[in-house]
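Below is one structure, written out as structure tokens, with a few remarks after it.
Residue numbers (mature numbering (1 follows the signal peptide of the UniProt record, and there is no 0)): -19 to -1, 1 to 614.
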């Protein structure tokens, strides 16, 4: 009896093992095969299975027998026998998936097979997680759909804003072109008027020159000397003006970017002396606080030169005033140069303060350049020495003898012509200045509307809009189509990561079609012993601009992931209406953050009329519809 029981159990165990080794799964399908591939696993009339590569046929009962017969692995879809095989996980309730054959029956519950079917012939018990994962996936898909509807609706409004801005810029350009066109005849008429007065002036002066004597010769010599000295002193004044601007910029960068934690006495002393100079010296203060420090109207320079260089009185005054200004600028330059030179000599090299190294290194380069310039101007001063003597002697003669600086005694009519020439020359310069300003505006507008602004010019809607993100001790700021910076929380120093250059992924070929969800900011501040900094931005669909992460996979090469409506799919008219009905209130709250001027319920074919009623969510007909709290942004 005991023997029979043992034999029965052995047979039962063998039967169970054979069942477990069956090529079929619990549903009776061939194990590891996708439903769409089952038709490939039917024996022919002779009961043979043909390998997918056509190189071999085997009896069908050798399919899924845990021995690899086919070189392409097609005979073992449900086992790990073939290294190049694939196992199909049904994952009912979730998404089906394939895994490599070597992951089958390896004792590990693979993530891809949430139903646990990959461990059908081991003692490993894998939980069936497909229903749970399927539910999570459905929620994610639902959220993604909502995200795309909300983001797509906002993208629609951004396009309307962009179209309105583009139309505004285009109209302004047309207006500027019309103004420019209207000024051309005015310029021509005014130029003719000035030319006519110049001709009359020439006749008047030639008449008086015949009657002038010894004084005229002395005046001509003094005038020639004064013109040369005026031009030299003006050039020298501009030279020291520019040097002072460069030095104040160097100190501005140093004071904002140096590392105070290093506590370098040489650096602290230099900054202290610079701030004292700021406090005590008006010109240095002006240069440090204003982008434009030359308060002379550059557009009048040609006219002033013309007036001053034909009138000895004005020319002699210019010689003196430019000389005084250049000496004032020179004194300030020497003061700041001394502070920077002492810093370069004394700062602690071991601390590796990049801001200090950058400032002092730039100063040394400037010193070399300035030394060459100084040699040139010193040589010119020697050349001008005889002319300066002539000028000073004539000035002394005027003062001693009480001579008039003007050798001609014009009649009232002649003086009126001379005065008219001066005033009409200034009027001519005014017209030229207007034309210059209009031309600059035209250039600026064209630089905007002629650039690649993305599909439907959508990037025009966010141009110069900025988003920031804090990571560790840095704050990153991105301004669309403009620039990107990195600001240190420790010392408030700003580092340029680059300016917007083009659309596209990192390393994409230049002739590739632009990928408008990838932005490149290139040519940033140079890294110490490294490349120029750059930022590569990847946009993903989101209802509001939001930076998700910033990383630095390569030295000084920053990558940013960011949410934005710009990356959301375009909505069909049907989906636009669905989005307005379902998420109108939510979108109304987001719209002000995107600086949209008005909410809009029109479909995308009505972009010419961007200002309409606010979005209203769908309500029951019997209930009063709730009005948006804001009709205009």
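Yeah, the Cβ is synthetic: ideal placement off N, Cα and C, and Gly gets one too.
Alpha carbon to alpha carbon, how far is residue j from residue i? Give it in angstroms, no decimals.
i: residue 243; j: residue 332; result: 7 Å
i: residue 43; j: residue 517; result: 54 Å
i: residue 238; j: residue 515; result: 19 Å
i: residue 48; j: residue 5; result: 16 Å
i: residue 316; j: residue 236; result: 17 Å
i: residue 329; j: residue 267; result: 31 Å
i: residue 75; j: residue 457; result: 39 Å
i: residue 522; j: residue 545; result: 5 Å
i: residue 619; j: residue 248; result: Because the chain here runs from -19 to 614, residue 619 falls outside it and cannot be looked at.
i: residue 186; j: residue 174; result: 18 Å
i: residue 137; j: residue 25; result: 58 Å
i: residue 240; j: residue 472; result: 6 Å
i: residue 412; j: residue 403; result: 15 Å
i: residue 199; j: residue 318; result: 42 Å
i: residue 540; j: residue 216; result: 47 Å
i: residue 85; j: residue 62; result: 9 Å
i: residue 79; j: residue 494; result: 33 Å
i: residue 101; j: residue 22; result: 20 Å
i: residue 36; j: residue 498; result: 47 Å
i: residue 250; j: residue 327; result: 10 Å
i: residue 475; j: residue 70; result: 53 Å
i: residue 537; j: residue 415; result: 45 Å
i: residue 585; j: residue 153; result: With a pLDDT of only 35 at residue 585, under the threshold of 50, the placement of this residue in the model should not be trusted, and no figure is reported.
i: residue 542; j: residue 435; result: 19 Å
i: residue 559; j: residue 127; result: 10 Å
i: residue 441; j: residue 464; result: 15 Å
i: residue 7; j: residue 67; result: 19 Å
i: residue 11; j: residue 77; result: 15 Å
Kindly examine the ligand SAM and report whether one of its heavy atoms sits closer than 7 Å to the Cβ of residue i.
i: residue 363; result: Within the structure as shown, the ligand SAM is missing, as the structure has no ligands at all.
Rounded C-beta distance between residue i and residue j? I'm assuming under 8 Å.
i: residue 39; j: residue 18; result: In fact, because the Cβ distance is near 17 Å, the residues do not count as touching under 8 Å.
i: residue 320; j: residue 255; result: 6 Å
i: residue 97; j: residue 107; result: 3 Å
i: residue 150; j: residue 423; result: Contact flag wrong, Cβ pair sits at about 11 Å.
i: residue 501; j: residue 483; result: 5 Å
i: residue 72; j: residue 94; result: 7 Å
i: residue 53; j: residue 34; result: 4 Å
Determine the burial state of residue i: buried for a count of at least 16 other Cβ atoms within 10 Å of its Cβ, exposed for fewer.
i: residue 155; result: exposed
i: residue 593; result: Low confidence applies to residue 593: its pLDDT is 32, below 50, so where it sits in the model is not reliable enough to give any reading.
i: residue 122; result: exposed
i: residue 526; result: buried
i: residue 624; result: The requested residue 624 is not part of the displayed model; the chain covers only -19 to 614.
i: residue 253; result: exposed
i: residue 485; result: buried
i: residue 112; result: exposed
i: residue 120; result: exposed
i: residue 312; result: exposed
i: residue 294; result: exposed
i: residue 453; result: exposed
So if DSSP puts residue i in a beta bridge, which residue, or which two residues, is it bridged to?
i: residue 507; result: 513
i: residue 539; result: 516
i: residue 68; result: 80
i: residue 484; result: 500
i: residue 455; result: 452 and 469
i: residue 527; result: 544
i: residue 340; result: In DSSP, residue 340 forms no bridge with anything.
i: residue 40; result: 29
i: residue 447; result: 460
i: residue 532; result: 540
i: residue 549; result: Paired residue(s): none; residue 549 is not in a bridge.
i: residue 521; result: 544
Closest Cβ-Cβ distance between residue i and chain B: below 8 Å?
i: residue 497; result: Of the protein chains in this structure there is only one, and it is not chain B.
For this session: Check whether the segment 122 to 131 touches the segment 555 to 572, counting contact only when three or more Cβ pairs, one atom from each stretch, lie closer than 8 Å.
Result: Result yes; three or more Cβ-Cβ pairs closer than 8 Å.
Exercise. Is the number of C-beta pairs between the segment 206 to 214 and the segment 366 to 380 that are closer than 8 Å three or more?
Worked result: Under the 8 Å Cβ criterion, the segment 206 to 214 counts as touching the segment 366 to 380, having at least three qualifying pairs.
Exercise. Per the contact definition of three or more C-beta pairs closer than 8 Å, is the segment 333 to 344 in contact with the segment 402 to 422?
Worked result: Fewer than three pairs of CB atoms, one per stretch, sit closer than 8 Å, so the segment 402 to 422 makes no contact with the segment 333 to 344.
Problem set entry | Three-pair Cβ contact test at 8 Å for the segment 164 to 183 versus the segment 347 to 356 | Output reads no: the segment 347 to 356 does not touch the segment 164 to 183.
For this session: Would you check if the segment 551 to 561 and the segment 520 to 536 touch, i.e. whether three or more CB-CB distances between them fall below 8 Å?
Result: With the cut-off at 8 Å, the segment 520 to 536 and the segment 551 to 561 do not touch.
For this session: Please confirm if the segment 433 to 448 is in contact with the segment 458 to 478, defined as three or more CB-CB distances below 8 Å between the two stretches.
Result: Three or more beta-carbon pairs drawn from the segment 433 to 448 and the segment 458 to 478 are found closer than 8 Å, and the two stretches are therefore classed as touching.
Exercise. Is the segment 412 to 423 close to the segment 158 to 170, with three or more CB pairs under 8 Å?
Worked result: The segment 412 to 423 and the segment 158 to 170 touch, with no fewer than 3 CB-CB distances between them shorter than 8 Å.
For this session: Count the C-beta pairs between the segment 428 to 446 and the segment 528 to 535 that are closer than 8 Å, then say yes if the count reaches three, no if not.
Result: Fewer than three beta-carbon pairs drawn from the segment 428 to 446 and the segment 528 to 535 are found closer than 8 Å, and the two stretches are therefore not classed as touching.
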